[in-house]
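Per this note's numbering, the sequence shown starts with residue 56, numbered consecutively.
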Amino acid sequence: MKELPRVWPLLNRAELRPKGEDFLLKIRNLSGSFPKTSNLKCPTAFDESIFLSKFKQNRMPLVWMRPFDGQGQVALWEITEELEELQHLFRGSPADIATFQEINHPQKQREFLASRILIQTLVESVGETYHGIRKDIYDKPFLHNTNSHFSLSHSLRFAAVIWHPVERVGIDIEPISEKLAVVSHKYLSETEQEHAQKNLRKLGIYWTGKEALYKLYGEKKLSFKGNILIEPFSEESLHITGWIRTETESKSYQLEVIAVEDCILTVVAE
Numbered sequence: 056m057k058e059l060p061r062v063w064p065l066l067n068r069a070e071l072r073p074k075g076e077d078f079l080l081k082i083r084n085l086s087g088s089f090p091k092t093s094n095l096k097c098p099t100a101f102d103e104s105i106f107l108s109k110f111k112q113n114r115m116p117l118v119w120m121r122p123f124d125g126q127g128q129v130a131l132w133e134i135t136e137e138l139e140e141l142q143h144l145f146r147g148s149p150a151d152i153a154t155f156q157e158i159n160h161p162q163k164q165r166e167f168l169a170s171r172i173l174i175q176t177l178v179e180s181v182g183e184t185y186h187g188i189r190k191d192i193y194d195k196p197f198l199h200n201t202n203s204h205f206s207l208s209h210s211l212r213f214a215a216v217i218w219h220p221v222e223r224v225g226i227d228i229e230p231i232s233e234k235l236a237v238v239s240h241k242y243l244s245e246t247e248q249e250h251a252q253k254n255l256r257k258l259g260i261y262w263t264g265k266e267a268l269y270k271l272y273g274e275k276k277l278s279f280k281g282n283i284l285i286e287p288f289s290e291e292s293l294h295i296t297g298w299i300r301t302e303t304e305s306k307s308y309q310l311e312v313i314a315v316e317d318c319i320l321t322v323v324a325e
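Put into structure tokens, the structure is as follows:
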């Protein structure tokens, strides 16, 4: 298993602009792999050339994409476009458009569009047709007319997406900031608070790990303090263990932690 670097390098905007084979090579050189956690075979093949060509043609600043679990994909996009440019790139379903029209804040609109464009590009790159995003009875987003799974997250600067053909997944990205410490009592158990000790990087790992597990579970009614727990870890950890504990089940999950500049990105699959 190839070990992932703690900090995945970011290309600057100039490097991310289309430059023929040089552009594709720089993206491919960022490729890595997550540890394999399932023997299930991917029913569809991911076409890297299609995925990269879409970003190349549209001049979209893809930061990186990486295989996940040998079957899925994780992609990160730096959101540098103006709202009008994103609207031009967006080819959403009527349901997507209706959701977008309910958002009033321009920055939130940019984040929404960037994340939807990214998941649409991933879906089309595996040979599937993007039919938009719907929500189930628990308000969890799902891809319409497909059995594959996805999760998305966005911050002010980045949109992140994880896609998997067979397993439920979760992803979250969060800037490291003092806010994580201010509200830590709301999402950490007493044991976790003692372990974190106001360390902002640890708090970022706790928050994104719990958010990713919450998204994977998808059925709401989970307490971050009581139902979603993270085992103690070191500040430099790439892999952490999380638990979802309810009245009917107790299950552990292995999560991947990635530092992206001033943000923490955490991903998980069943």
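Heads up, the beta-carbon is just placed ideally off N, CA and C, and yes, glycines get one too.
Computed from a prediction, not measured in an experiment: that's the story for all the values here.
An exposed status is given to Thr-303, since fewer than 16 other beta-carbon atoms sit within 10 Å of its beta-carbon. Judged by DSSP in its simplified three-state form, Arg-171 adopts helix. Of the candidates Ala-153, Val-181 and Ile-188, the residue whose Cα lies closest to the Cα of Ser-170 is Ile-188. Short of 6 Å from the beta carbon of Phe-279, and not among the five residues preceding or following it, lie these beta carbons of its own chain, in chain order: Tyr-242 and Lys-265. Sequence-distant Cβ neighbours of Leu-173 in its own chain, meaning closer than 7 Å and more than five residues away, are Ala-130, Trp-132, Ala-214 and Val-216.
The C-beta distance from Ser-210 to Pro-230 rounds to 6 Å, short enough to meet the 8 Å contact threshold. Sequence-distant Cβ neighbours of Gly-127 in its own chain, meaning closer than 6 Å and more than five residues away, are Trp-218 and His-219. Where Gln-126 is concerned, there is no enclosing alpha helix (DSSP H), because DSSP gives it neither an H nor an E.
DSSP, reduced to helix, strand and coil, places Glu-233 outside both helices and strands of the structure shown, so it counts as coil.
With fewer than three CB-CB distances shorter than 8 Å, the stretch 177-191 does not count as touching the stretch 159-169. Ranked by how close their Cα comes to the Cα of Thr-184, the residues Ile-295, Asp-191 and Ser-203 have Ser-203 in first place. Residue burial is scored here from C-beta neighbours: Lys-275 has fewer than 16 other C-beta atoms within 10 angstroms and is therefore classed as exposed.
Closest in C-alpha terms to Leu-198, from the list Leu-235, Trp-298, Ala-150 and Asp-317, comes Ala-150.
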